[in-house]
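Here the sequence shown is numbered in the working numbering, starting from 3 and rising by one per residue.
Positions of the beta carbon are idealized from the N, C-alpha and C atoms, including for glycine.
Only one structure is covered here, and it is reproduced in the block below.
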Amino acid sequence: MRSSALALLPLFLALSWLHPESSAGSTWQDTTWTSTAYYRTQFSAAEAGPGTIEITAVDSYELSFNGTALGSDDDWTDAETYSVSIKKGKNEILVKVQNSGRGKGNGLVVALAQGEVRFASAPGNGPFAWRWIAADPQSADWNSAPLVQLGDLEVAKVASLTNPDALPIAGFPGDVDVGVRGGITISRVEGKNLALSGTASRIEVTDGLLETSWQPGVNSLNKFVSLDLGQARRINRVRVLSEPPRSAGSFAENSLKGYAVQISEDLFRWSEVGVLHGIAQFDATAVDFSPIATRFLRVVVAEIDGITSPRVGEIEVYGEGYNPEGNFLSLPLDMGSAGRPKNFGKATWEAETPDGTQVHLQFRTSSDGQIWSQWSDELAQSRAYISSPEPAALLQYRIKLSTGDERRSPQLRRLAIEYSAEDLPASAARARVSPQQVPMGVDTAFVCELDMTATGGRGAERLLIAMPDLAIVDRVEGYAGQVTQRLTPEGLELSFDPLISQDVKIHFRTALFGPLHTFNCALFGPGSDNPLNVGPAEEGALSAYVTEVLDKVLLDTQANPRVFTPNGDGINDFSVIEYTLAKVSKAVDVSLEIAALNGEVVRQLYRGFQLPRRYHQALGAENLTSALPGYWDGTDNRGNLVRPGVYLYRLEVTVDEGKLQRLGVVSVVY
C-alpha cells in the first residue's frame, strides 16, 4: 500500500460533492408544485329549510355538506350552485381544494343563502368563520386548525357568482404559495391574523375562539391587552370581536364602547395609530391605519358606559407583505422505477433570490417508505450532489424559502435531480467510525468499518471520506489489492485496484478541532464521478465528539517561511500564514490581509467563513497549498509583485465573544 505523511484536507462536514461531470443516467425535473388543503365552516341556522351554496376554487374542489358529497369542479372561472337542505342548529360545509400550480392564484369563494339569511366567505373569525388543514380531515382537530386568510383568486373573472360580498379565502400549507405563475414562493400575509403566531397578556384574545374572552369589567377605562407579534411585522389593521351572547345578553352588552390601538418599539414609549369612539357595530369593529412596522401593540379601553361589562372574544392583527419563511415538503419520489434501488446524482435548481432572500433544499432517502434517513444538511448552492444514503428506492426533498424583507420573496422555478438505477457500485453500503469520543486537537487513531454488499453492483473503484483535519490512512484491513490515497478538495480519496466489493476496515489518523465531526463516506463505480453515499450503520455511527476542549480559539499562528523570495525559480517562491482555528461549533468570519509597515493594506488574502481545523502546509498536500487561505505569492491586490521589505500580516476572527486578532511579520526578498 502506498501512503503519505499527515496531509492537509479542506473541511467538509457533509459530502456535498462538487464535480464537473456526472454519470447519472436519467433526470427527473419539476417546474410546478401542487398543494392540497381542506376547508371547513360550521354555522347555526335558526330554522330548517332549503338553501343554496355557490362555490368555485383554484384549481379544483370537492364539496360536502353535512357529510354528504355534493359535487366537484375544476373550472374556477365559473361558480356552481348547489341546492341543500339546511337543518336547524349546527350545519357543516367541507371543501377539499387542489391547487395544481398552474399560476391561476389560490383559494376558494363560497356564498350561502337561506331565504333572507346570507353568509359570504371572508378571512378572520365570525359566525361564518372558515378553518383549514393540510392533513386528513377525518382525524383533524378542527378547533385548533388555523383560520383562513385572504386568497388571490380573481373574483371579478368568476361567472355565476351572485353574492358580491364573497371574498376569496385560502390556507397556505407551509406558508408557501404554489399558485403564482412560474414557480413557488413564500405566501403573503394579507388577511392572515398575525396575532395568532404571537403572544398576548390575555391568552383568551388570541386563541382563535370567540367563546373565551377578556372581561375588563365595568370600570375598565384605560385597561389594556398587550400583544407581542414575535418579530417586527408591517401591520395596517387591528380588529376587535365581541364574545357572542349566551342565553342572556347581547352583542351590545359585550362590545367595547371605544378603544385605541397603540404601538411600541421598546414596551416603554407608546404611540397611538388609531382610535374608535361611540361604537355602534357591536359584533366586530376594526381600526385601519397606514402600514407601519412594529412588534409590540396594545388595545386600550378608551370609552365606557359605566353600566355594561365588555367581553372581548378576539383581537386580530393584519398586515401586508410576505411571511418570513415558507416550507414545502415533496411526496416520496420513485422516479418512475418503483422499488428499484437508485444512485442519486446532482440536484440542480433555478431560483430568483432578491437581496435578503434565500432558497435552501434538503433531501432524505428510504428503501421502503417507512424508515427514512436523516435530512441532509441544507444546500444553498444551486448545483450540488445529493448527500443522503444510497442506494435507495425513494427520495424526498423539502424546500425552505426565507426573506429578511417582507417586500420580497425568493422564487424557485425549476428543480432537476439526476439518478441512475444501473451500474451501481454496491447494492448496499453502511459504515461506522470508532472511537466516537476523543480529546480536541489530539491526533487520534480511528477505524472506519465499511459494510458493503456488491450483489447487483459492479464494485467500487474509489472511496472518499470527509476528514476534519490533517489525515493519513495507515492500512486497509480485509483487502489484499493495491490502495492509493490522494488528497482532493472534498476529502481523502482511496483508490482500489482491483475493485473493492467486500467489507473492509480503514485505519486512519486525524484530529478534531471542533466539537463534532461526521465522517461521511461515498463510493464511486469505475469511471464514475457520481458518488454513492454510504449511510451510517446506525444513527450517529459516523460521528465523533470531543470530550476535552482546547483553551484558545486561535493557535499556532506563523508565517511559514518568514522570509521568501518570489523570483519565479520554483524555490521558496511563496509563504503561507498558518494558523489553527479551534473550539467553534460553526463557520466563523475570518479575515486575513497583508499590510505595509505604515498600515496600508497591500493584499487581502482571504475574507469568508471557515470551520475549525488546521490551516497549515503539509507533506503530501503540496497540490492544495495554493488553495490555503494564508497563501501569499508576494503580489498585491492588482497582481503586481510588491517591493522587497518587511510586511505585516493581520488575522482577524469574529466569534460570539467578539473579534480575535493576531499580528506577525513576513519578509519579501529578491
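Backbone CA spacing between G660 and T559 [nearest angstrom]: Rounded to whole angstroms, G660 and T559 show a C-alpha spacing of 19 Å.
W351 - DSSP class collapsed to helix/strand/coil: DSSP places W351 in the strand class (E or B) of the three-state scheme.
Residues near S503 in its chain [Cβ-Cβ closer than 8 Å; skip 5 each side]: For S503, where only same-chain residues beyond five positions count, the Cβ hits under 8 Å are A428, M454, A456, G459, G461, A462.
Residue of I55, L426, L278 minimising C-alpha distance to Y84: Comparing Cα positions, the closest option is I55.
Where N145 falls, given that 16 or more other Cβ within 10 Å makes a residue buried: Exposed: under 16 other Cβ atoms inside 10 Å.
Backbone CA spacing between S669 and L607 [nearest angstrom]: C-alpha of S669 to C-alpha of L607: approximately 16 Å in a straight line.
Three-way DSSP call (helix, strand, coil) for F521 in this model: Three-state DSSP puts F521 in coil, outside helix and strand.
Pairwise C-alpha distance: A584 and L514: Approximately 9 Å, taken between the alpha carbons.
Uninterrupted beta strand (DSSP E) stretches inside the segment 288-333 (no shorter than 3 residues): Within the segment 288-333, the complete beta strand (DSSP E) runs of at least 3 residues are 314-321, 327-331.
Helix, strand or coil at E659 [DSSP, three-state]: In the structure shown, E659 sits in coil (DSSP, three-state: anything other than H, G, I, E or B).
Nearest-angstrom Cα separation, counted from V444 out to G371: Here the C-alpha atom of G371 lies approximately 41 Å from the C-alpha atom of V444.
Reduced DSSP secondary structure (H/G/I, E/B, other) of G176: In the structure shown, G176 sits in a helix (DSSP, three-state: H, G or I).
Three-state secondary structure (DSSP) of P139: Look at P139 here: in three-state DSSP terms it is helix.
Candidates L496, Q484, D285, of which the one nearest A473 by Cα: Closest in alpha carbon position to A473, among L496, Q484, D285, is L496.
Test item: CB-CB of T1 and Q439 under 7 Å: Absent from the model: residue 1. The displayed extent of the chain is 3 to 672, so no value can be given.
T63 burial status per 10 Å Cβ neighbour count (16 or more: buried): Checking the displayed sequence, the identity of residue 63 turns out to be Tyr instead of Thr. Answer is buried; the Cβ neighbour count reaches 16.
Sequence-distant residues of its chain with Cβ nearer than 7 Å to K106 (five each side left out): Excluding the 5 residues flanking it on each side, K106 has same chain C-beta neighbours closer than 7 Å at V60, D61, W78, G181, in chain order.
Span of the beta strand (DSSP E), counted from its first residue to its last, around E56: From DSSP, the beta strand (DSSP E) with E56 extends over 51-60.
Integer-rounded CB distance, given that V289 should sit under 8 Å from G276: About 4 Å separates the two Cβ atoms, so the contact holds.
Buried versus exposed call for R564 [16 or more other C-beta atoms within 10 Å across all chains shown]: Taking every protein chain shown into account, the CB of R564 has fewer than 16 other CB atoms within 10 angstroms, so this residue is exposed.
Bridge partners - R605, DSSP secondary structure assignment: Bridge partners of R605 according to DSSP: I596.
Integer-rounded CB distance, given that K92 should sit under 8 Å from S46: For S46 against K92, the beta-carbon gap comes to about 6 Å, under 8 Å, which counts as contact.
Best match in P538, M469, L403 for proximity to W374 [C-alpha to C-alpha]: Checking every option, the nearest Cα to that of W374 belongs to P538.
Buried or exposed (CB count within 10 angstroms, at least 16 for buried), Y672: Sixteen is the threshold: since fewer than 16 other Cβ atoms of the shown chains lie within 10 Å of the Cβ of Y672, the residue is exposed.
DSSP beta-bridge partners of Y633: Its beta-bridge partners are V578.
A122 versus W132, K98, D167, R104, residue with shortest Cα-Cα distance: Distance check between A122 and each of W132, K98, D167, R104 places D167 closest, using alpha-carbon atoms only.
Residue of K90, E94, G173, G53 minimising C-alpha distance to R120: Selection K90, E94, G173, G53 evaluated against R120 yields G53 as nearest (Cα-Cα).
Assigned secondary structure, F253 (DSSP; H/G/I helix, E/B strand, else coil): In the structure shown, F253 sits in a helix (DSSP, three-state: H, G or I).
Separation of E94 from R42, as counted between CA atoms: Between R42 and E94, the alpha-carbon positions lie close to 7 Å from each other.
Within 7 Å, strictly: CB atoms of F226 and S266: Between F226 and S266, the C-beta gap is not smaller than 7 Å, which leaves the two residues out of contact.
L556, DSSP secondary structure in three states: DSSP places L556 within a strand segment (E or B) once states are collapsed to three.
Cβ neighbours of D519 in the same chain (closer than 6 Å, five flanking residues each side left out): The amino acid at residue 519 is misidentified as Asp; the sequence shows His. If the five residues before and after H519 are omitted, its C-beta is found closer than 6 Å to the C-beta atoms of P470, A546, all from its own chain and listed in chain order.
I265, DSSP secondary structure in three states: In this structure, I265 counts as strand in the three-state DSSP scheme.
Cβ neighbours of S339 in the same chain (closer than 6 Å, five flanking residues each side left out): Answer for S339: A423, listed in chain order.
Distance, D575 Cα to S25 Cα: For S25, the predicted structure reports a pLDDT of 44, less than 50, and the residue's modelled location is therefore unreliable. The matter cannot be settled from this model.
Nearest to S228 (by Cα), restricted to the options G173, E318, P293: With distances taken between Cα atoms, S228 lies closest to E318.
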